[in-house]
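Numbers -24 to -1, 1 to 190, taken from mature numbering (1 follows the signal peptide of the UniProt record, and there is no 0), label the letters of the sequence shown in order.
The structure appears below as structure tokens.
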Amino acid sequence: MKKIFSVIALFFTAILALSGCVNMNVGVDIQGTDKVTGSVEVTTAKESLQGLDFKDLMAQQVDMSKLDSMLAGQWTYTEVNDGENVGIRFDTAKTMNYTELADAFSVFNIPVTVTDNGKEFTFTMPGSGQTAVDSSFTEAKVAVSFPGSVVSHSAGEVEHNTVTFDLIEGAEVYTATGKANHALFYSIVFGGALLVLTFVFAGAFAPKANKDAH
């Protein structure tokens, strides 16, 4: 890597020494205004370890107390083992605002920015020179998910509400814009209004009790 990500560097060096190849997948999930979560997954092919236990190998290679200190409560981490790949996954410790997310990703030296104008969300990350990767990575991608449909993007591929950028292919800048999920908002508003009207009409047209005969 031209600029190795600080926390990932611990695992990059260890995995590279063990298997000779590294996969990295970064995720940014925009849930709403000033509500975002993030993830970073670093893995290698299980078969490349030739039967050795990944957890034991990493314990020998990585100072876990140093890792905990570097994460500083911003990230949690879990072991990855899906049968084909093994590694470690980092997830933001909570749903964050835009500033908190940027600060959290700075731990990895990944300069992400999320903004909104009240109607649309925009993701931006510098490309070549700041987040470039070299041939040691067999996969290095960033996936950005929006609450609504994707409006525009530079580079990357779109699937439903997600834009995925390939860092190995590279670009001058990675940017994407997506819509808010107004459909959910309106369904809640109209659903509530319909419920109120139902009670109103039910009360208005309900049979009135017969008065006692005098």
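For every residue, glycine included, the Cβ atom is placed at its ideal position computed from N, Cα and C.
* **Residues that DSSP places opposite D32 in a beta bridge** => DSSP output for D32 lists no bridge partner at all.
* **Residue of F66, V139 and E145 minimising C-alpha distance to T151** => Looking at the Cα atoms, V139 is the closest of the given residues.
* Near E115, which residues of its chain fall below 6 Å by C-beta distance, leaving aside the five closest residues on each side in sequence? -> Closer than 6 Å at Cβ, skipping near neighbours: N(-2).
* To do: Could you check the C-alpha separation between A35 and E55 for me, to the nearest Å?
  => Roughly 12 Å between the two C-alpha positions.
* Asked: Terminal residues of the continuous alpha helix (DSSP H) containing F81?
  -> Taken as a continuous stretch (DSSP letters only), the alpha helix (DSSP H) holding F81 covers Y74 to S82.
* CB-CB under 6 Å to S15, same chain, minus the five flanking residues each way: which ones, in chain order? -> If we look at S15 and ignore the five residues flanking it on each side, its Cβ neighbours are G3 and D67.
* If we call anything under 8 Å between Cβ atoms a contact, is T89 one with T153? -> In terms of Cβ geometry, T89 and T153 do not form a close pair [threshold 8 Å].
* Of the choices G8, A131, F141 and F84, whose alpha-carbon is the least far from that of N73? -> Proximity to N73 across G8, A131, F141 and F84 peaks at G8, based on C-alpha coordinates.
* Report yes if the CB atom of V127 is closer than 8 Å to the CB atom of V134, and no otherwise. => Here V127 is not near V134, since their CB atoms are 8 Å or more apart.
* By how many angstroms is the C-alpha of G103 removed from the C-alpha of K95? -> The straight-line gap from Cα to Cα measures roughly 26 Å.
* Asked: Given a threshold of 16 other Cβ atoms within 10 Å of its Cβ, counted over all protein chains shown, does V12 qualify as buried or as exposed?
  -> Buried.
* Strand pairing of I64, partner residues [DSSP] -> For I64, which the question treats as bridged, DSSP gives the partners V18 and E55.
* Looking only at DSSP bridge pairs, what is A152 linked to? -> F99 and H129.
* Asked: Can you tell me where the alpha helix (DSSP H) with S41 in it begins and where it stops?
  -> In the DSSP annotation of this structure, the continuous segment of the alpha helix (DSSP H) that includes S41 starts and ends at M40 to L47.
* **E135 - DSSP class collapsed to helix/strand/coil** => Of the three classes helix, strand and coil, the one that applies to E135 here is strand, per DSSP.
* Asked: What is the DSSP secondary structure of E115, reduced to helix, strand or coil?
  -> Strand, per DSSP.
* T89, enclosing beta strand (DSSP E) - first and last residue -> Note, T89: beta strand (DSSP E), T89 to D92.
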